[in-house]
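Enquirer: To start, I am sharing the structure in question, which I have written as structure tokens.
In our numbering, the protein residues as written are 1 to 193.
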């Protein structure tokens, strides 16, 4: 909940959230808040740790099962973490480059891809459906430059990129190995995909 509040305070000072973030944060906050209130009620103390022995009672008070409660809490926490990572990444990029937070300063780094405000984005004329390896190109660029995939890029790649053939061509396998070769730096990008 603290992360949600910090994002809202920062947003009040300067635009750091993208479209849809506020609604996603509100939904996640509601799940986390409801669970916290029931945790306080069922345990009789102000704790923020939902331990195994309290899960069934809290879940029952919320009208769900412990497994569903924990799934909902994990999903809500991941939503907050994802939005926070992106927002604070944009803040950091704007401070280090001196560009506007959601401004237009960009650098072309790979055909069809640009880095703007610390995020890899598709150029407007780039069609992922015509470039089977574009997902890997974007991931490699993000990893190599310490950038993130912009959410809009991630969504476009997910919706419009063709699935690779069952047997990957040599070039596609080589690009995948190149991505893996970035080691630890590739983890966040691979998780985002």
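Glycine is no exception: its CB is placed at the ideal position from the N, C-alpha and C atoms.
(1) Using 10 angstroms around the beta-carbon of residue 16, count the other beta-carbons present and answer buried if the total reaches 16, otherwise exposed.
(2) From residue 129 to residue 34, what distance separates their C-alpha atoms?
(3) For residue 66 and chain B, any beta-carbon pair shorter than 8 angstroms?
(4) Can you say whether residue 47 is buried or exposed, counting buried as having 16 or more other CB atoms within 10 angstroms of its CB?
(5) Mark residue 3 as exposed unless 16 or more other C-beta atoms lie within 10 angstroms of its C-beta, in which case mark it buried.
(6) Taking the continuous beta strand (DSSP E) assigned at residue 114, which residues delimit it?
(7) Residues in its own chain within less than 8 angstroms of residue 36 by CB, not counting five upstream and five downstream?
(8) Based on the DSSP secondary-structure assignment, which residues constitute the bridge partners of residue 49?
(9) To the nearest angstrom, how far is the alpha carbon of residue 192 from that of residue 149?
(10) By alpha-carbon positions, which one of 41, 151, 178, 186 ends up nearest to residue 90?
(11) Starting from residue 110, follow its DSSP beta bridges and name the residues at the other end.
(12) Contact defined as beta carbons within less than 8 angstroms: I believe residue 117 pairs with residue 93. What is the distance between those atoms, to the nearest angstrom?
(13) Could you spell out the range, first to last residue, of the alpha helix (DSSP H) harbouring residue 136?
(14) Are the CB atoms of residue 25 and residue 83 within a distance shorter than 8 angstroms?
(15) Can you find at least 3 beta carbon pairs, one from the segment 129-143 and one from the segment 166-173, that sit closer than 8 angstroms?
(16) Tell me, to the nearest whole angstrom, how far the beta carbon of residue 121 is from that of residue 153; I am working on the premise that it is less than 8 angstroms.
Expert: A quick look at the data gives this:
(1) Within the chain shown, residue 16 is the residue found at index 16, counting from 1. Residue 16 should be labelled buried.
(2) Taking the first residue of the chain shown as position 1, residue 129 is located at position 129. Taking the first residue of the chain shown as position 1, residue 34 is located at position 34. Each residue's Cα considered, the two are about 42 angstroms apart.
(3) Absent here is chain B; the protein component of the structure consists of one chain.
(4) The sequence position of residue 47 within the chain shown is 47, counting from 1. Using a 10 angstroms sphere on the CB of residue 47, the tally of other CB atoms stays under 16, which defines it as exposed.
(5) Here residue 3 corresponds to residue number 3 of the chain shown, with the count starting at 1. With 16 or more Cβ atoms within 10 Å of its Cβ, residue 3 is classed as buried.
(6) Taking the chain shown and counting its residues from 1, the one referred to as residue 114 is at position 114. Where residue 114 is concerned, the enclosing beta strand (DSSP E) stretches over 113-116.
(7) Mapped onto the chain shown, residue 36 falls at position 36. Result list for residue 36: 1, 48, in chain order.
(8) For the purposes of this step, residue 49 is taken as the residue at position 49 of the chain shown. Per DSSP, residue 49 has no beta-bridge partner at all.
(9) Position 192 of the chain shown, counted from the first residue, corresponds to residue 192. Position 149 of the chain shown, counted from the first residue, corresponds to residue 149. Between residue 192 and residue 149, the C-alpha separation is close to 8 angstroms.
(10) Against the chain shown, residue 90 aligns to sequence position 90. Residue 151 holds the alpha-carbon nearest to the alpha-carbon of residue 90 among 41, 151, 178, 186.
(11) If you number the chain shown from 1, residue 110 lands on position 110. Beta bridge pairing from DSSP links residue 110 with 113.
(12) Stepping through the chain shown from its first residue, residue 117 is reached at position 117. Stepping through the chain shown from its first residue, residue 93 is reached at position 93. That pair is a contact at about 5 angstroms.
(13) The residue labelled residue 136 in the question sits at position 136 within the chain shown. Its alpha helix (DSSP H) spans residues 134-145.
(14) If you number the chain shown from 1, residue 83 lands on position 83. If you number the chain shown from 1, residue 25 lands on position 25. In this structure, residue 83 lies near residue 25, with their beta-carbon atoms less than 8 angstroms apart.
(15) The segment 129-143 vs the segment 166-173: in contact.
(16) Your numbering for residue 121 matches position 121 in the chain shown. Your numbering for residue 153 matches position 153 in the chain shown. That belief holds up - the Cβ atoms of residue 121 and residue 153 are roughly 5 angstroms apart, short of 8 angstroms.
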